[in-house]
Amino acid sequence: MKNNENDCVHCILFHFTAKKYLKRIFRLNAVSYRFESDGNSEKVPSSNLSKTSVQLLFVEKDRKLPIKLDIRDEKDIIKHALQVIEKQKKDGKTIRLPYNMWKLAMDKCQISYSDYIKLDPASRDIVQAHWSAVKNHHLFYKDPKSKLFVLTVTSLLLNGECCGRSCRHCPYDHVNVSEAMKQKTFWNGAFYDIRD
């Protein structure tokens, strides 16, 4: 019996709330609306809303449309990032990468699941250390096994081209690396690893 009474109380509360909400909506129809833009405004009674065209409701003089941005290529993003970093250095601020540069670096360090499951545990630790360093805007990280500092893909992208030192996370496919050094490394799906 109590459950039925509670259900009835909930129904009454719901009915009361819905009724109150509907009254509020109908009251809004009697109010006039005011649309403002750049100090110019028009007062339009709600009864005329259906008859009024959209152009009269939103009058904006000298409206400037947003500039359509071109899709930026990798070199433009890197060039802009270098300018921002230089400005931050001059101002003595903590260096933070622009969003586009950070996103580019994050995209470069992504790895597919099928490649990830093929890696041994030590390589997975490297992938995780590198990913977290890039995520936190760091330019290098400490190798989990050797404890040496390794440059992230972010710092290598900021170089602008392959340095030829056979870097682990080279985003330029080891273009300038000598053939002898290329023979010592291989791409394991996530980074350039050393052959045993």
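Just so we're aligned, residue 606 is where the sequence shown starts under this note's numbering, counting upward by one.
Beta carbons: idealized from backbone N, C-alpha and C, even for Gly.
- Residue 739 is classed as buried because its beta carbon has at least 16 other beta carbons within 10 Å across all chains shown.
- Apart from the 5 residues on each side of it in sequence, residue 686 sits with its Cβ closer than 7 Å to the Cβ of 702, 703, 706 and 763 in its chain, given in chain order.
- Nearest in C-alpha terms to residue 786, of all of 695, 771, 711 and 716, is 771.
- For the pair of segments examined, the region 688-702 was found not to touch the region 772-780: the number of CB pairs separated by less than 8 Å stays below three.
- Excluding residues up to 5 positions away in sequence, 714 lie with their Cβ nearer than 6 Å to the Cβ of residue 736 in the same chain.
- Within the DSSP secondary-structure output, residue 798 pairs in a beta bridge with 791.
- Note: residue 684 is not bridge-paired with any residue in the DSSP secondary-structure output.
- Around the beta carbon of residue 718, fewer than 16 other beta carbons sit within 10 angstroms, so the residue counts as exposed.
- In the DSSP secondary-structure assignment, residue 755 is bridged to 746.
- Burial state of residue 682 is buried, judged by a 10 Å Cβ sphere holding 16 or more other Cβ atoms.
- Under the DSSP assignment, residue 722 falls in the alpha helix (DSSP H) whose first and last residues are 718-723.
- The Cβ atoms of residue 760 and residue 745 sit closer than 8 Å to each other.
- Counting along the chain, no alpha helix (DSSP H) covers residue 782, and no H or E run does either.
- Here residue 709 is not near residue 793, since their CB atoms are 8 Å or more apart.
- Distance between residue 734 and residue 757, taken at the CA atoms: about 10 Å.
- Rounded to the nearest whole angstrom, the CA to CA distance from residue 782 to residue 720 is 24 Å.
- When 790, 766 and 788 are compared, the shortest CA-CA separation from residue 684 is found for 766.
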